[in-house]
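The sequence shown begins at 1 in the UniProt record's numbering and counts up by one.
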Amino acid sequence: MMSFKEDFLWGGATAANQHEGGYNKGGRGLSTFDVVTGGGYKVPRKVTFKTANGKTGEVPVDSTMTGPVPENSTGYIKENTYYPSHEATDFYHHWKEDIALMAKMGFKCFRMSISWSRICPNGMYEINEEGLKFYDLIFDELLKFGIEPVVTINHFEMPMYLADHYDGWLSREVIDFFLFYTKTIFERYKNKVKYWMTFNEINVLSGWCQIGVHNNNPQNLYQAHHHIFVASAKAVKLGHQINPNFKIGMMVSYTPSYPMTCKPEDVMEAIKFNRQKEFYMDVQVRGY
Numbered sequence: 001m002m003s004f005k006e007d008f009l010w011g012g013a014t015a016a017n018q019h020e021g022g023y024n025k026g027g028r029g030l031s032t033f034d035v036v037t038g039g040g041y042k043v044p045r046k047v048t049f050k051t052a053n054g055k056t057g058e059v060p061v062d063s064t065m066t067g068p069v070p071e072n073s074t075g076y077i078k079e080n081t082y083y084p085s086h087e088a089t090d091f092y093h094h095w096k097e098d099i100a101l102m103a104k105m106g107f108k109c110f111r112m113s114i115s116w117s118r119i120c121p122n123g124m125y126e127i128n129e130e131g132l133k134f135y136d137l138i139f140d141e142l143l144k145f146g147i148e149p150v151v152t153i154n155h156f157e158m159p160m161y162l163a164d165h166y167d168g169w170l171s172r173e174v175i176d177f178f179l180f181y182t183k184t185i186f187e188r189y190k191n192k193v194k195y196w197m198t199f200n201e202i203n204v205l206s207g208w209c210q211i212g213v214h215n216n217n218p219q220n221l222y223q224a225h226h227h228i229f230v231a232s233a234k235a236v237k238l239g240h241q242i243n244p245n246f247k248i249g250m251m252v253s254y255t256p257s258y259p260m261t262c263k264p265e266d267v268m269e270a271i272k273f274n275r276q277k278e279f280y281m282d283v284q285v286r287g288y
């Protein structure tokens with residue numbers, strides 16, 4: 001009978017924009033998800049924004065957080081509106097008891113993400129020491145209970161400033177900003193975190209909420225993904241220079257596709273669908 005090895009990493013996973021909260025605490029800057037409203041059954045979530053002439057508006061986003069946002073607009077927090085990321089499950093204030101519950105459940109690992117805008121409030125070269133200390137406390141507490149941190153460097157969000165002023169990952173300059181942030185956390189936590197992921201579900205990053213690109217037409221999306229691939233590769237190289245024992249990968253969203261029928265056109269569509277998903281893995285793993 002097969003059995004799991006003793007060192008198999010059983011655990012759970014979260015993301016800063018989905019559970020951390022404390023969106024305006026501890027020196028944190030705004031992120032793109034801080035202007036995404038709540039939704040419900042038949043009620044879409046929306047991005048709220050302000051145009052260059054001061055007019056406010058909102059656009060719906062689908063379940064993958066995809067949706068174009070007007071050019072030259074900036075993220076805007078609308079009064080009396082519910083934004084889930086602002087408080088979420090309030091891990092920011094309850095991390096200690098939450099980690100204790102994980103330990104009770106027998107977790108051996110905890111996958112979480114670091115909020116880029118908590119470390120670099122505008123996404124650039126300013127470091128927020130209070131944000132670094134916050135994650136120090138979390139990693140120390142996890143390790144105290146024998147729980148291995150598995151850290152995603154960027155999970156479905158980016159600092160608002162970079163989306164507003166650089167059009168997010170459409171700008172090649174963002175690669176350098178990302179590497180500065182990455183170098184900061186690699187050096188700070190090199191003796192506390194062994195397992196890293198550069199990007200979450202790199203193959204479904206397609207909207208302003210995730211990559212900061214206002215006009216998400218196919219050309220812009222492929223250009224943005226090229227920059228993300230370059231940033232990821234450079235981050236892996238940088239991480240191994242800082243600590244050769246780092247284990248660095250990335251997360252993909254993968255669901256196998258099967259042809260509806262045995263008709264050649266259905267078979268070809270399934271091949272195309274799978275090839276598109278595998279393309280992202282090939283670039284990351286093979287380098288081409």
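Backbone N, C-alpha and C define an ideal beta-carbon position, used for all residues, glycine too.
Neighbourhood of I211 by C-beta, 6 Å cutoff - its chain only, sequence neighbours within 5 removed: On the sequence shown, residue 211 is found 211 positions in, with the first residue counted as 1. For I211, where only same-chain residues beyond five positions count, the Cβ hits under 6 Å are G168, W169, L205 and A224.
Below-8 Å beta-carbon distance, V35 vs any chain D residue: Given the protein chain composition of this structure (a single chain), no chain D is represented.
Residue nearest to H227 in terms of C-alpha spacing, selected from E79, S171 and R111: As a position in the sequence shown, residue 227 is number 227, starting the count at 1. When only C-alpha atoms are compared, the closest one is S171.
Candidates Y280, K192, P256 and V213: closest to K247 by CA position: The residue you call residue 247 lines up with position 247 of the sequence shown. Looking only at Y280, K192, P256 and V213, the smallest Cα-Cα distance to K247 is reached by K192.
Touch test, the stretch 8-27 against the stretch 77-96, Cβ-Cβ under 8 Å, three pairs minimum: The stretch 8-27, when compared against the stretch 77-96, does touch it at the 8 Å Cβ threshold.
S115 versus K96 - alpha carbon distance: For this step, residue 115 is matched to residue 115 along the sequence shown. For this step, residue 96 is matched to residue 96 along the sequence shown. So the two alpha carbons sit approximately 18 Å from each other.
Uninterrupted beta strand (DSSP E) stretches inside the stretch 149-202 (no shorter than 3 residues): At a cut-off of 3 residues, the continuous stretches assigned as beta strand (DSSP E) that sit fully inside the stretch 149-202 are 195-199.
R28 in three-state terms, based on DSSP: Your numbering for residue 28 matches position 28 in the sequence shown. R28: coil per DSSP, three-state reduction.
The stretch 39-55 contacting the stretch 65-83, beta-carbon criterion three pairs below 8 Å: Under the 8 Å Cβ criterion, the stretch 39-55 counts as touching the stretch 65-83, having at least three qualifying pairs.
Sub-8 Å separation of G131 and R118 beta-carbons: Locating residue 131 in the sequence shown gives position 131, where the first residue counts as 1. Locating residue 118 in the sequence shown gives position 118, where the first residue counts as 1. G131 is a Cβ neighbour of R118, given a cutoff of 8 Å.
Nearest-angstrom Cα separation, counted from I175 out to Y166: As a working mapping, residue 166 is identified with position 166 in the sequence shown. As a working mapping, residue 175 is identified with position 175 in the sequence shown. Going by the C-alpha atoms only, they are around 11 Å apart.
Whole-angstrom distance between V213 and Y222, CA atom to CA atom: Within the sequence shown, numbered from 1, the residue matching residue 222 stands at position 222. Within the sequence shown, numbered from 1, the residue matching residue 213 stands at position 213. Distance between the alpha carbons of Y222 and V213 is about 11 Å.
The stretch 28-40 / the stretch 175-185 touching (three or more Cβ pairs under 8 Å): With the cut-off at 8 Å, the stretch 28-40 and the stretch 175-185 do not touch.
Under the three-state DSSP convention, the category V252 falls into: Walking along the sequence shown from the start, residue 252 turns up at place 252. If DSSP states are grouped into helix, strand and coil, V252 belongs with coil.
Supposed close pair E148, K108 - CB separation, criterion 8 Å: In the sequence shown, counting from the first residue as 1, residue 148 sits at position 148. In the sequence shown, counting from the first residue as 1, residue 108 sits at position 108. Their Cβ separation, rounded to whole angstroms, is 6 Å, which keeps E148 and K108 in contact under 8 Å.
Whole-Å CB distance - A270 paired with S113, under 8 Å assumed: Stepping through the sequence shown from its first residue, residue 270 is reached at position 270. Stepping through the sequence shown from its first residue, residue 113 is reached at position 113. Contact annotation, A270 with S113: C-beta distance approximately 32 Å; criterion of less than 8 Å not satisfied.
Endpoints, the beta strand (DSSP E) within which V61 is located: The residue you call residue 61 lines up with position 61 of the sequence shown. T56 to V61 is the span of the beta strand (DSSP E), which, as asked, contains V61.
Contacts around Y82, its chain only, beta-carbon distance under 7 Å, and the 5 residues preceding and following it disregarded: Within the sequence shown, numbered from 1, the residue matching residue 82 stands at position 82. Same-chain partners within the cutoff: T37 and G38.
Same chain, Cβ closer than 7 Å to M250, five either side skipped, listed in chain order: For the purposes of this step, residue 250 is taken as the residue at position 250 of the sequence shown. In the same chain as M250, and ignoring 5 residues on each side of it, the C-beta atoms closer than 7 Å to its own belong to M197, T198, F199, I202, S232 and Q284, in chain order.
Pair within 8 Å by beta-carbon distance, K138 and E187: Position 138 of the sequence shown, counting from 1, holds the residue named residue 138. Position 187 of the sequence shown, counting from 1, holds the residue named residue 187. Correcting the residue type first, residue 138 is Ile in the shown sequence and not Lys. No, the Cβ-Cβ distance between I138 and E187 is not below 8 Å.
D98 to K237 span [Cα, whole Å]: Taking the first residue of the sequence shown as position 1, residue 98 is located at position 98. Taking the first residue of the sequence shown as position 1, residue 237 is located at position 237. In this structure, the alpha-carbon of D98 lies about 33 Å from that of K237.
Range of the contiguous alpha helix (DSSP H) that encloses N52: Numbered from its first residue, the sequence shown carries residue 52 at position 52. Sequence check: residue 52 is Ala here, not Asn. Boundaries for A52: no alpha helix (DSSP H) harbours it, and the DSSP string shows neither H nor E there.
Buried versus exposed call for T261 [16 or more other C-beta atoms within 10 Å across all chains shown]: Counting from 1 along the sequence shown, the entry for residue 261 is found at position 261. Exposed, since its Cβ has fewer than 16 Cβ neighbours within 10 Å.
Assigned secondary structure, M112 (DSSP; H/G/I helix, E/B strand, else coil): Position 112 of the sequence shown, counting from 1, holds the residue named residue 112. Of the three classes helix, strand and coil, the one that applies to M112 here is strand, per DSSP.
Whether M124 touches S31 by CB criterion (8 Å): The residue given as residue 124 occupies position 124 in the sequence shown. The residue given as residue 31 occupies position 31 in the sequence shown. No, they are not a contact pair.
Residues of its chain near P121, where Cβ-Cβ distance is below 6 Å and the 5 sequence neighbours each way are ignored: In the sequence shown, residue 121 corresponds to position 121, counting from 1. The beta carbon of P121 is closer than 6 Å to those of G29 and N128 in its chain, skipping five residues each way along the sequence.
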